[in-house]
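Below: the structure, in structure tokens.
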Amino acid sequence: MIPIRTIGLVASAALLFSAAAHAQSPTPTPDADPYLWLEEVGSERALDWVKQWNGLTTSQLDKLPGIQQTTSAIREVVDSRERIPFVEKQGKYLYNFWKDADHPRGVLRRTTLERYKADVPQWEVVLDIDRLARDEKENWVWHGMECLKPHAERCLFSLTRGGGDAHVVREFDTHSLGFVPEGFYLPEAKSDVNWVSRDRLLVATDFGPGSLTSSGYPRIVKEWKRGTPLQSAKLVFEGEQADISVSGYSDHYPGYNREFVLRYTSFFTNELYFRHAGKLVRLDKPNGATAFTFKDQLLLRLRADWKLGDRQYQQGSLLSIGFSSFMAGKRNFTVLYQPDATRSLQSVATTRNAILLTELVNVRSQVQELRMQKGKWEQRTVATPAFANVSISSLDYLDSDQYLVVLNDFLTPTSLHLGQVGSDERHQLKSQPAFFDASGLKVEQHFARPKTARGFRTSSSCARTSSTTATIRRCCTAMADSRYR
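Here the sequence shown is numbered in our numbering, starting from -6 and rising by one per residue.
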């Protein structure tokens, strides 16, 4: 168990850095940024600056009482083999990226679902980043993978030098467990690349001078075919330099396999284009709304209120409509979710035949399951522990109605479960060990209406013993409630 004083040590370090920075840093002028040279994160000057600050911070932390004990406790947790090895399904395998004392850079490994259910799964090593870095004499850091649906026989692995945003993309064969000779390869850049088919990619990368936004991300999307040079890739879309970024992708739903271009004009606004028959058609949606597909449906998640004719759709709502109907000009949306004073939508996950909504109801997690039955949406509430924080992700959204559920609350260690659409039963796959004795403790939720904060209701959940003097509290977000006005 990590001592509570760890929080104080972290805070002390933050205050130390902040105070020293204010004391020693010159005041920036409107004409120049005196720290612009720090943008060159790999330069010798920048690295020396980091080493100096690390040395100063470490020297101060070493003087704090209990620092060695705290450091050892943190390292024990970070390197613990009892951590949950979270997975993502690609093809028939579950993939996990694992770091520990023996693999500080990490190892990509895989197993089957049945083997994963065992207390100690048998893993097959796919790529050892420590060994790769040694063999290639590169400072490789894992940056993720994008696999070809549905069988994942090929993947695009992203590797960064030192952990920056810019990364190298290399094609990997998951049968032979090796990089593909003469396969798809992108040099180091802030790229976004996605499969359309085995021999086609939609690529947004640094294509040369003028191809990046002012934020340093790609503003051009091209279609790249296997066996051809990147320079000959076909232009699909070109954004503006003032944009944040652009990217292209395919949704891979069998029978649809639609291609899209996503343009972020700011952090909170975007445009979505449907690529059909070689042409791009912009979707007529609010720029603040997030749009995505589910089989034959288009879903819109609203960031702001949307008035459409005589209908008013509320901020935070989730709307559904047939994709073909929408593109034909119809706007007969079905409201799948609408928040109120005590409810808000947190996340959306999809399986082969269902949409799973995780919401907060009076700051407690609740899950709604939606399925299309005979042309109409049917909804049911999935049973979950009363005070658990719930996180859901699909196992294989193209081929399975199973999904992964992460549960944690004030008294119970984090656990990973396998859920099934249409059922409240869950199979526990993994659990972290308990770090304290929770016997004699219980969780309660209370509501209060402060006299000095009229119009607000405060919800507080706490774990407590029967003794009023021994209470562990964690206060939750205050929520406006029109019923109390």
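Quick reminder that beta carbons are idealized off the backbone N, C-alpha and C, glycines included.
C-beta atoms of residue i and residue j nearer than 7 Å
i: Ser337; j: Leu311; result: no
i: Leu179; j: Val162; result: yes
i: Ala347; j: Glu362; result: yes
i: Leu293; j: Lys278; result: yes
i: Thr351; j: Ser340; result: yes
i: Leu149; j: Glu139; result: yes
i: Ser243; j: Val189; result: yes
i: Pro211; j: Thr221; result: no
i: Arg296; j: Gly281; result: yes
i: Asn132; j: Gly157; result: no
i: Gly412; j: Tyr396; result: yes
i: Thr153; j: His144; result: no
For residue i: DSSP bridge partner residues
i: Arg373; result: Glu362
i: Met320; result: DSSP lists no partner for Met320.
i: Arg102; result: Asn89 and Val118
i: Glu252; result: Ser243 and Arg268
i: Asp185; result: Ala197
i: Pro211; result: Leu205
i: Glu33; result: In DSSP, Glu33 forms no bridge with anything.
i: Glu352; result: Leu338 and Gln359
i: Leu293; result: Ala284 and Leu312
i: Ser190; result: Arg193
i: Leu228; result: Lys215
i: Ala235; result: Paired residues: none, contrary to the question.
Reduced DSSP secondary structure (H/G/I, E/B, other) of residue i
i: Arg336; result: strand
i: Leu223; result: helix
i: Ser384; result: strand
i: Leu2; result: Interpretation of Leu2 is limited by its pLDDT of 41, a score under 50 that renders its predicted location unreliable; the figure taken from the coordinates is listed afterwards. Note: Leu2 maps to helix in three-state DSSP.
i: Thr64; result: helix
i: Val414; result: coil
i: Ile(-5); result: Annotation note: pLDDT 36 at Ile(-5) (below 50); position unreliable, no value reported.
i: Ala16; result: Caution applies to Ala16, whose pLDDT of 41 falls short of 50 and renders its modelled position unreliable; the value that the coordinates give is listed next. In the structure shown, Ala16 sits in a helix (DSSP, three-state: H, G or I).
i: Val70; result: helix
i: Phe429; result: coil
Terminal residues of the alpha helix (DSSP H) in which residue i lies
i: Leu54; result: Glu37 to Leu54
Residue i, enclosing beta strand (DSSP E) - first and last residue
i: Val436; result: Lys435 to Ala441
i: Asp166; result: His160 to Asp166
i: Val134; result: Trp133 to Cys140
i: Arg419; result: Arg419 to Ser424
i: Leu152; result: Arg147 to Arg154
i: Gln308; result: Neither: Gln308 is in no beta strand (DSSP E) and is coded neither H nor E.
i: Lys130; result: That residue, Lys130, is in no beta strand (DSSP E); it is neither H nor E in DSSP.
i: Tyr396; result: Gln395 to Asn401
i: Leu329; result: Thr327 to Tyr330
#### Entry: Any 3 or more C-beta pairs closer than 8 Å across the segment 375 to 395 and the segment 321 to 337
no
### Stretch-stretch touch, CB-based, cutoff 8 Å, three pairs: the segment 79 to 96 with the segment 434 to 446
no
### Query
With contact counted as at least three CB pairs below 8 Å, one residue from each stretch, are the segment 54 to 65 and the segment 87 to 103 in contact?
no
### Query
Can at least three beta-carbon pairs, one atom from the segment 118 to 132 and one from the segment 215 to 231, be found at a separation below 8 Å?
No: the two stretches stay apart, fewer than three of their Cβ pairs being nearer than 8 Å.
### Task
Please confirm if the segment 70 to 79 is in contact with the segment 416 to 427, defined as three or more CB-CB distances below 8 Å between the two stretches.
yes
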